[in-house]
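2 protein chains.
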Amino acid sequence: MRYSRQNKILDIINTHEVETQEKLVSLLKKSGYRVTQATISRDIKELQLVKTLSPSGKYKYTVGTNVDQPISDRYVKIFKETIQTVAYSGNIIVVKTLHGCANAACEAIDNLNFPNVVGSIAGDNTIFLVVNNPDNAPELVNKFNEMIK
Amino acid sequence: MRYSRQNKILDIINTHEVETQEKLVSLLKKSGYRVTQATISRDIKELQLVKTLSPSGKYKYTVGTNVDQPISDRYVKIFKETIQTVAYSGNIIVVKTLHGCANAACEAIDNLNFPNVVGSIAGDNTIFLVVNNPDNAPELVNKFNEMIK
DNA sequence: TTTCAAAATGAATAATTATGAATCAATAAT
DNA sequence: ATTATTGATTCATAATTATTCATTTTGAAA
Numbered sequence: 001m002r003y004s005r006q007n008k009i010l011d012i013i014n015t016h017e018v019e020t021q022e023k024l025v026s027l028l029k030k031s032g033y034r035v036t037q038a039t040i041s042r043d044i045k046e047l048q049l050v051k052t053l054s055p056s057g058k059y060k061y062t063v064g065t066n067v068d069q070p071i072s073d074r075y076v077k078i079f080k081e082t083i084q085t086v087a088y089s090g091n092i093i094v095v096k097t098l099h100g101c102a103n104a105a106c107e108a109i110d111n112l113n114f115p116n117v118v119g120s121i122a123g124d125n126t127i128f129l130v131v132n133n134p135d136n137a138p139e140l141v142n143k144f145n146e147m148i149k
Numbered sequence: 001m002r003y004s005r006q007n008k009i010l011d012i013i014n015t016h017e018v019e020t021q022e023k024l025v026s027l028l029k030k031s032g033y034r035v036t037q038a039t040i041s042r043d044i045k046e047l048q049l050v051k052t053l054s055p056s057g058k059y060k061y062t063v064g065t066n067v068d069q070p071i072s073d074r075y076v077k078i079f080k081e082t083i084q085t086v087a088y089s090g091n092i093i094v095v096k097t098l099h100g101c102a103n104a105a106c107e108a109i110d111n112l113n114f115p116n117v118v119g120s121i122a123g124d125n126t127i128f129l130v131v132n133n134p135d136n137a138p139e140l141v142n143k144f145n146e147m148i149k
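Residue numbers (our numbering), protein chains in the order written: chain D, 1 to 149; chain G, 1 to 149.
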């Protein structure tokens, strides 16, 4: 449930001022994720979160706005590990993911910038992708299936 | 020595991959600054540096690109505490600062966005500001003197 | 100058974070 | 089914960082 948890972590730090990893552990517990600080430390490393000064003068974790590095490897990885099946009908591609991971997977897809995708929406374990033209759907589905094979 | 040191810290982290505060301590020592990790911790807080992942997978300190907060207080402070005298001749304003602080002060001035200043250059303890029109120099000099009074 | 207040720093330490090693779970290979 | 293999996680702890408290330094006021 790693990606689902990391997604929740992003949620949490966007809505709370999280001063320490221990705080994050207890906030996650409220959402049903039982993990230790060690795991959080690794999640934070992967998500490239940073401890910054909040305006109040306290430290808090935020998403790092790093320009330089190719973060896309990470997206490919999320993509591969969370997506279960891909299908289409007309100009809609339906992507099934692991439970709770649709958001993370959807963001990965967005960031991978596939051609002909004009929009996306994610639920809990399903993503709808809108393709500009129904003709392009099969090719995209093939590409997706290649990636997760 | 504080602002001069912090300026050097910015130098260092832009040219080295500094993994820990202790590393920074020893790099600073090579430049003649003898301080302890405690001081560095405070400098880092003030400079709002963040520990990020470098592409190599190691941690390193970098300047945080924080959008939200009013950092300008800090510039005013640097301005007030490092600038010694202000004078002008024609369209050039000459600012004297504490030894080694011209760069920090100059950056502060840049960020404070004074009107009619078209350019700036900093040495070790002197800054030249180019004003768009000699007529505007006296007013600016007055403003500066007000600020450091 | 002397004195006082405020700021900066260091020493020591508390608090926090990162990581090696062991464990567990899931999956693939035999 | 049994055994490797791999990845994720925890536990324990090392490493790192933040902070408290004491001391020194600095700067201003008398």
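The C-beta atom is built at its ideal place from N, Cα and C for all residues, glycine as well.
Small disclaimer: the values here were computed from a predicted structure and weren't measured.
- Checking contacts by CB at 9 Å: is Lys51 of chain D closer than that to chain G? yes
- Task: Scan the region 15-44 of chain G and note each continuous alpha helix (DSSP H) run of 4 residues or more that stays entirely inside, going in chain order.
- Result: 21-30
- Message: For Ser77 of chain D and His16 of chain G, I'd like the C-alpha separation in whole angstroms.
- Response: The residue you asked about is not Ser; residue 77 of chain D is Lys in the sequence shown. Answer to the nearest angstrom: the Cα atoms are 30 Å apart.
- Query: Taking Cβ positions only, does Gln48 of chain D come closer than 9 Å to chain G?
  - Reply: yes
- Message: Would you say Gly64 of chain D lies against chain G (beta-carbon separation less than 9 Å)?
- Response: yes
- Query: Starting from Leu129 of chain D and walking both ways along the beta strand (DSSP E), at which residues does that stretch end?
  - Reply: Thr126 to Val131
- Task: Kindly list, in the order they appear in chain G, the residues whose Cβ is closer than 7 Å to that of Lys45 of chain D.
- Result: Leu53
- Message: Once the 5 residues before and after Ile150 of chain D are set aside, which same chain residues still bring their CB inside 7 Å of it?
- Response: Absent from the model: residue 150 of chain D. The displayed extent of chain D is 1 to 149, so no value can be given.
- Report the residue from G:Gly32, G:Ile13, G:Ser31 and G:Lys29 whose alpha carbon sits nearest the alpha carbon of Leu47 of chain G. G:Ile13
- Item | Whether Lys51 of chain G touches Lys60 of chain G by CB criterion (9 Å) | yes
- Item | Counted within 10 angstroms of its Cβ, other Cβ atoms place Thr36 of chain D as buried (16 or more) or exposed | exposed
- Does the separation of the CB atoms of Leu98 of chain D and Met1 of chain D fall below 9 Å? yes
- DSSP-derived helix/strand/coil call for Val143 of chain G: Here residue 143 of chain G is Lys; the residue named in the question, Val, does not match the sequence. Reduced to three states, the DSSP call for Lys143 of chain G is helix.
- Task: Below 7 Å CB to CB, which residues in the same chain sit around Asn145 of chain G once its five sequence neighbours on both sides are set aside?
- Result: Val86
- Counted within 10 angstroms of its Cβ, other Cβ atoms place Lys143 of chain G as buried (16 or more) or exposed: exposed
- Query: Between which two residues does the alpha helix (DSSP H) harbouring Leu112 of chain D extend?
  - Reply: Ala102 to Leu112
- Task: Would you give the residue range spanned by the beta strand (DSSP E) that Gly119 of chain G belongs to?
- Result: Val117 to Ala122
- Do the CB positions of Arg74 of chain G and Tyr33 of chain G come within less than 9 Å of each other? no
- Message: Taking the straight line between their C-alpha atoms, what separation do you get for Val63 of chain D and Phe114 of chain D?
- Response: 24 Å
- Task: Express the C-alpha separation of Ile83 of chain G and Ser41 of chain D in angstroms, rounding to a whole number.
- Result: 43 Å
- Task: Pick helix, strand or coil for Ser56 of chain G, following the three-state DSSP scheme.
- Result: coil
- Message: Which of the three DSSP states is assigned to Leu10 of chain D in this structure?
- Response: helix
- Message: Considering only the alpha carbon of each residue, which of D:Ile109, D:Asn125, D:Gly57 and D:Ser54 lies closest to Val118 of chain D?
- Response: D:Ile109
- Helix, strand or coil: which one does DSSP assign to Leu49 of chain G? strand
- Message: Taking the alpha carbon of Ile127 of chain G as the reference point, which residue from G:Leu27, G:Pro134, G:Asp135 and G:Cys106 has its own alpha carbon closest?
- Response: G:Cys106
- Distance CB(Asn7 of chain G)-CB(Asn103 of chain G) smaller than 9 Å: yes
- Per DSSP, cross-strand counterpart(s) of Thr82 of chain D: Thr82 of chain D pairs with nothing; no bridge assigned.
- Message: Among D:Tyr88, D:Glu19, D:Asp43 and D:Asn116, whose alpha-carbon lies nearest the alpha-carbon of Ser56 of chain D?
- Response: D:Glu19
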